[in-house]
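Input: a single structure, listed below in structure tokens.
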Amino acid sequence: MKYTTYNGHQLTTKNKLQKAVQEYLQGIDRILIENDEAFEDIKVKIIANIVFLNNEYPRCTPISASWFQTDKNDWLLSGVGFSNFHIYHVKKDY
Numbered sequence: 022m023k024y025t026t027y028n029g030h031q032l033t034t035k036n037k038l039q040k041a042v043q044e045y046l047q048g049i050d051r052i053l054i055e056n057d058e059a060f061e062d063i064k065v066k067i068i069a070n071i072v073f074l075n076n077e078y079p080r081c082t083p084i085s086a087s088w089f090q091t092d093k094n095d096w097l098l099s100g101v102g103f104s105n106f107h108i109y110h111v112k113k114d115y
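For what it's worth, the working numbering labels the leading residue of the sequence shown as 22, then goes sequentially.
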């Protein structure tokens, strides 16, 4: 199956950690994920990057991100209240 990332609405960030996470998510917006292995890999890498950024900005309130399955094959990054980041299943090849 193929997937695509989508960074929807964004709210104003309150600190350097939130700004860094938001910039990271903007950088991976609208990326095509070719297969299930790459899909699982990017989910792990996104969480790992947020954990890394938590450690880079220890004075900020840590972000506890996790994945929530919104539909049969669609995923939402929860715990990141200032950004609405999804991974959508691509239902059709053109």
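Yeah, the Cβ is synthetic: ideal placement off N, Cα and C, and Gly gets one too.
- Here the alpha carbon of residue 57 sits roughly 18 Å from the alpha carbon of residue 50.
- For residue 78, no beta strand (DSSP E) run applies, since DSSP gives it neither H nor E.
- Under the three-state reduction of DSSP, residue 70 is assigned to helix.
- Taking the CA atoms as reference points, residue 63 sits about 22 Å from residue 78.
- For residue 63, the three-state secondary structure derived from DSSP is helix.
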